[in-house]
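Residue numbers (the working numbering): 27 to 237.
Glycine is no exception: its CB is placed at the ideal position from the N, C-alpha and C atoms.
Computed from a predicted structure; not experimentally measured.
Structure record follows, encoded as structure tokens.
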Ligand SMILES: [Cu+2]
């Protein structure tokens, strides 16, 4: 027998499902993982799920948000990949003791071997980046799908800042934002890491002694 509490929970869950089904959020561009540990170098993937009002997708542009550096783009044999750079406000450490003065501003995939059909399938666009060490922050990766006819922009940001991650109304406010605009920018929530990314350290291993 259901307790009143579980009935309420079931009703709430049903209402949430109805909200998500009513909102086209499930069909928008989103990052495959919507959370990541703050400060990690993270593999990311932007998922493109449909074309522009029936027109197939033949290009994708992603704007890299402030604070995200050391971007590299996954090898892709089906698309031409280009990056645009921007100057950093101040240099940040790069690999091997170097300092970086600029970072990727935009990634552009174009000229596919074959287009993404307007409906019925999806494709992931992979890149990798160093995330800022700011647990609780939300990064927005503005993305535009370019189609044979028209474009489908996911560049809208919340009109009022979202409550802090973990606040009681955070989830609802996030759902409201996703439903309130035709093109919400894909987001990534930075979580406090449970452990360092490289708990064993990153020093070069000691070479083995010759036999
Ligand atoms: Cu959509």
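Heavy atom of ligand 1 within 7 Å of residue 206 beta-carbon: Closer than 7 Å to some heavy atom of ligand 1: that does not describe the Cβ of residue 206.
Residue 193: CB within 7 Å of a non-hydrogen atom of ligand 1: Short note on residue 193: C-beta not closer than 7 Å to any heavy atom of ligand 1.
C-alpha distance - residue 77 paired with residue 149, whole-angstrom precision: Roughly 11 Å between the two C-alpha positions.
Start and end residues, beta strand (DSSP E) containing residue 68: In the DSSP assignment, residue 68 falls within the unbroken beta strand (DSSP E) covering 67-74.
Closer than 7 Å: residue 53 CB and nearest ligand 1 heavy atom: Answer for residue 53: yes, Cβ within range of ligand 1.
Residue burial classification, residue 221 (beta-carbon count within 10 angstroms, cutoff 16): Its Cβ having fewer than 16 others within 10 Å, residue 221 is exposed.
At least three beta-carbon pairs within less than 8 Å, the stretch 68-88 to the stretch 147-164: With the cut-off at 8 Å, the stretch 68-88 and the stretch 147-164 touch.
DSSP bridge partner residues for residue 108 (one or two, in chain order): Note: residue 108 sits in a beta bridge opposite 134.
Selected residue, minimal CA-CA separation from residue 169, among 183, 139 and 68: The shortest CA-to-CA distance from residue 169 to any of 183, 139 and 68 is the one to 183.
Start and end residues, alpha helix (DSSP H) containing residue 89: Unbroken run through residue 89 is the beta strand (DSSP E), 83-89; no alpha helix (DSSP H).
Residue 110 to residue 130 span [Cα, whole Å]: Take the alpha-carbon of residue 110 and the one of residue 130: they are about 6 Å apart.
Proximity winner among 63, 113, 202 and 205, relative to residue 132 (alpha-carbon distances): Of the listed residues, the one whose Cα sits closest to residue 132 is 113.
Among 158, 204 and 81, the one whose alpha carbon lies nearest that of residue 185: When only C-alpha atoms are compared, the closest one is 204.
N- and C-terminal bounds of the alpha helix (DSSP H) containing residue 167: Premise fails: residue 167 is in no alpha helix (DSSP H) and is neither H nor E.
Assumed close pair residue 175, residue 136 - CB separation to whole angstroms, cut-off 8 Å: Wrong, their Cβ atoms sit about 16 Å apart, outside the cutoff.
Test item: CB-CB of residue 138 and residue 104 under 8 Å: Their beta carbons are under 8 Å apart, which means residue 138 touches residue 104 by this criterion.
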